[in-house]
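Position 68 of the sequence shown, counting from 1, maps to 809 under the working numbering, and the rest follow consecutively. See structure below.
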Amino acid sequence: MHVIKTENLTKFYGKSRGITELSFSVDEGDIFGYIGPNGAGKSTTIRILLGLIAPTQGKAEILGLDCQKNTKEILKRVGYIPSEVFFWDYLRCEEVFALSAALRKCDCRKESQLLCERLALDPKKKVSELSLGTRKKVSIVCALQHKPDMYILDEPTSGLDPNMQREFWDLLHERNQEGATIFLSSHTLSEIQKHCKTAAIIREGTIQVKDKVESLSASNVKKVVIQGLSMLPPLQGIKNLQYREDKIVFLYQGKACELIGYLQGLPIMDITISDPELEEIYMHFYRREEA
């Protein structure tokens, strides 16, 4: 079952591009990573999914519900963490939790207390007394306390110290094992590689690739490290060419026989060909072609 499905989803802000003809799906029970830098279209996608803005064209569904026509029902069943967190300064944390629960017409006091204990958060403190990282903890409690079917998380670990990041991921994996689906955007590619099952890379408003994380890392893109050369003659399929002291590093996408034939006769001292890390795959799809 697809818990998220988009078809030709497009958003323009006047003449400025937000996203263009996005068509993708997220399966039930997935932990889905959405990768791209600022301006790529991640937040625009999330705002459309939550019904906060309307698309210029196309359609989006969550849990089989239209994101524009059934926004209230979707928001009852979704936990959302924005990238930037704002609450009323005069409220205490426990009052923020109560307000969030009341909007969904549920009693979450027991669960919010358990979450506060795990996140080392004092519910009696006022929002005005909290650091940015602690405010992020408040948003985590608001998103998790009603135990939703779906989590949509926009840069959820920003501002958290390493211990709290580990606790947060523990909580997410527990919820995922209970059946919840998780959609999260992140700049931290190591998080995506470690915790996500599936990932999509978005560039300039369009998805460049979507696959299982292990499949992305084991794609036909290879990382090549050569020692003993100062320069390389041109070859189609070479990406992200870097000269590092006594070695040359690049990604190669193409036929292995062509690469081997290309390297024959060159004064190579040593060569390593391996699967790249997710970060290197990301740069392969994101970097513009060098002049």
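From the three backbone atoms N, C-alpha and C, an ideal C-beta is built for every residue, glycine too. Predicted model, so just to flag it, every value in this text is computed and none were measured.
Selection from the options that minimises the alpha carbon distance to residue i
i     : options                   : result
Q968  : D952, D1011 and Q983      : D1011
L763  : I772, L791 and Q798       : Q798
P975  : K964, K953, E999 and V744 : E999
T751  : V767, Q906, L793 and A801 : A801
W1055 : A940, K878 and H887       : A query on residue 1055 cannot be resolved here, the shown segment of the chain reaching from 742 to 1032 and no further.
P1008 : S1015, K996 and L970      : L970
I772  : H936, V966, N981 and L871 : H936
L957  : T939, R876 and L862       : T939
N917  : P889, A843, K810 and R944 : P889
K746  : S757, G978 and I787       : I787
Q854  : M905, E870 and D863       : D863
N904  : F765, L856 and L860       : L860
I811  : G792, G1002 and T875      : This sequence places Asn at residue 811; Ile is not what is there. Cα-wise, what sits closest to N811 is G792.
Y831  : L871, A795, E915 and S841 : L871
G820  : L885, D768 and D952       : L885
F753  : G946, G978 and G777       : G946
H887  : K817, E932 and L873       : K817
T875  : L1004, R833 and S841      : R833
L912  : K756, V882 and F991       : V882
T1013 : K865, A839, F991 and C808 : F991
C858  : E986, I803, E908 and K980 : For the record, residue 858 in the displayed sequence is Glu; it is not Cys. Nearest of E986, I803, E908 and K980 to E858, Cα basis: E908.
I794  : Q906, Q809, I803 and L804 : Q809
V868  : L844, G770, E835 and Q994 : E835
Residue i versus residue j: straight-line alpha-carbon distance, rounded
i     : j     : result
E1030 : I989  : With a pLDDT of 40 at E1030, under the threshold of 50, the predicted position of this residue should be treated as unreliable, though the coordinate-derived value follows. Taking the straight line joining both Cα atoms gives about 18 Å.
I942  : G759  : 15 Å
C849  : G920  : 19 Å
H743  : Q949  : 20 Å
T922  : V837  : 25 Å
L790  : W829  : 25 Å
N779  : A997  : 35 Å
T761  : N749  : 7 Å
E1021 : E915  : 29 Å
I815  : L973  : 54 Å
S899  : K851  : 26 Å
F765  : D952  : 11 Å
I1001 : Y984  : 20 Å
E932  : V965  : 24 Å
D1016 : L840  : 48 Å
G774  : V767  : 10 Å
V954  : I776  : 12 Å
A1032 : V962  : Since pLDDT at A1032 reaches only 35, below the 50 mark, its modelled position is unreliable, and the value read off the structure follows with that caveat. In a straight line, the C-alpha of A1032 is about 21 Å away from that of V962.
R944  : Y1003 : 31 Å
A843  : G755  : 37 Å
Contact test: residue i Cβ vs the ligand SAH heavy atom, cutoff 6 Å
i    : result
E915 : This structure lacks the ligand SAH; in fact it carries no ligand of any kind.
Endpoints, alpha helix (DSSP H) assigned at residue i
i    : result
N904 : P903 to Q918
Q809 : Segment: none, Q809 is in no alpha helix (DSSP H) and carries neither H nor E.
H936 : L930 to H936
Span of the beta strand (DSSP E) around residue i
i     : result
L1007 : Looking at the DSSP string, L1007 is not in any beta strand (DSSP E), and its letter there is neither H nor E.
Q949  : T947 to K953
Q968  : V962 to Q968
L982  : I979 to R985
M891  : M891 to D895
H743  : H743 to Y754
May I ask you to verify whether the segment 878-896 touches the segment 924-936, counting CB pairs closer than 8 Å and requiring at least 3?
yes
Using 8 Å as the Cβ pair cut-off and three pairs as the minimum, do the segment 816-829 and the segment 779-793 touch?
yes
Those runs of the beta strand (DSSP E) which lie wholly inside the segment 813-876 and span at least 3 residues:
819-822
Just to confirm the assignment: which complete alpha helix (DSSP H) runs, minimum length 4, are found wholly within the segment 762-798?
783-790
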